[in-house]
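The next block holds one structure in the form of structure tokens; read it before the comments.
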Amino acid sequence: MSSESTEVWTGWYRDRRGAESIVIATDGRRIATRVRGVEYAGASLDGLRAAEENGGLPLAGCVLEWDLPLPVLTDGAAQQATLSCLLALGEALSDGSPERVDLQLTLHCGGAAYESGLAGGDFDQALDRILRQLPPGSRFGRKLLADAGAAA
1365 MSSESTEVWT GWYRDRRGAE SIVIATDGRR IATRVRGVEY AGASLDGLRA
1415 AEENGGLPLA GCVLEWDLPL PVLTDGAAQQ ATLSCLLALG EALSDGSPER
1465 VDLQLTLHCG GAAYESGLAG GDFDQALDRI LRQLPPGSRF GRKLLADAGA
1515 AA
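In terms of our numbering, the sequence shown is residues 1365 to 1516.
Spelled out as structure tokens, the structure:
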């Protein structure tokens, strides 16, 4: 990823072994994070896989949590907001993929919280659910994870 176009968010990784702080980096097409010394990367958060030399398995059996700034435009006026993201990846199936992917987004804006509800792993669908709760004519002030696939 080019450092010039890379966006970085800090957050938490949790599983049965405990919790640790993580950094999630994206260039809008690819997402990467490092967990317990192993780098996971992919086109979407629910598709993060370890490099082949580290087993190549998908990330599973864990929770990722992070916040990111997301301005909201209403009638041409920008209002700063924060999008809180919680991604739960179920235990690994026989192929290593998570048995389920649950994504919960909450937009904190103007003293209110707008929730997506569980949206499987579809980031765009979850954002759309939030957008429908905002005042008519509202839109997000920037694109998130363009072309990043299902969960991101």
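Quick reminder that beta carbons are idealized off the backbone N, C-alpha and C, glycines included.
Nothing here was measured: the structure is a model prediction, and the numbers come from that model.
> Closest to Ser1408 by CA distance: which of Gly1474, Asp1391, Gly1401 is it?
Replying inline: As a working mapping, residue 1408 is identified with position 44 in the sequence shown. Closest by alpha carbon: Asp1391.
> Going by the beta-carbon positions, is the gap between Pro1422 and Ser1461 smaller than 7 Å?
Replying inline: In the sequence shown, residue 1422 corresponds to position 58, counting from 1. In the sequence shown, residue 1461 corresponds to position 97, counting from 1. Between Pro1422 and Ser1461, the gap from beta carbon to beta carbon is short of 7 Å.
>> Using only the alpha-carbon positions, how far apart do Ala1452 and Glu1429 sit?
In response: For the purposes of this step, residue 1452 is taken as the residue at position 88 of the sequence shown. For the purposes of this step, residue 1429 is taken as the residue at position 65 of the sequence shown. For the pair Ala1452 and Glu1429, the Cα-to-Cα distance works out to about 9 Å.
>> List, from N- to C-terminal side, the alpha helix (DSSP H) runs of 4 residues or more that fit wholly inside the stretch 1442-1509.
In response: 1487-1495
> Do Cys1449 and Leu1471 come within 7 Å of each other at the CB atom, strictly closer than that value?
Replying inline: Here residue 1471 refers to the residue found at position 107 when the sequence shown is read from its first residue. Here residue 1449 refers to the residue found at position 85 when the sequence shown is read from its first residue. Going by C-beta atoms, Leu1471 is not nearer than 7 Å to Cys1449.
>> At the level of alpha carbons, what is the spacing between Asp1459 and Arg1394?
In response: For the purposes of this step, residue 1459 is taken as the residue at position 95 of the sequence shown. For the purposes of this step, residue 1394 is taken as the residue at position 30 of the sequence shown. The straight-line gap from Cα to Cα measures roughly 22 Å.
> Going along the chain, which residues of its own chain have a beta-carbon closer than 7 Å to the beta-carbon of Asp1379, five neighbours each way excluded?
Replying inline: By one-based count along the sequence shown, residue 1379 stands at place 15. For Asp1379, where only same-chain residues beyond five positions count, the Cβ hits under 7 Å are Gly1425, Cys1426.
>> Which complete alpha helix (DSSP H) runs does the stretch 1372-1456 hold, if anything under 4 residues is left out?
In response: none
> CB-CB under 6 Å to Thr1397, same chain, minus the five flanking residues each way: which ones, in chain order?
Replying inline: Your numbering for residue 1397 matches position 33 in the sequence shown. So the list reads Ile1386, Ile1388, Tyr1404, once near-sequence residues are dropped.
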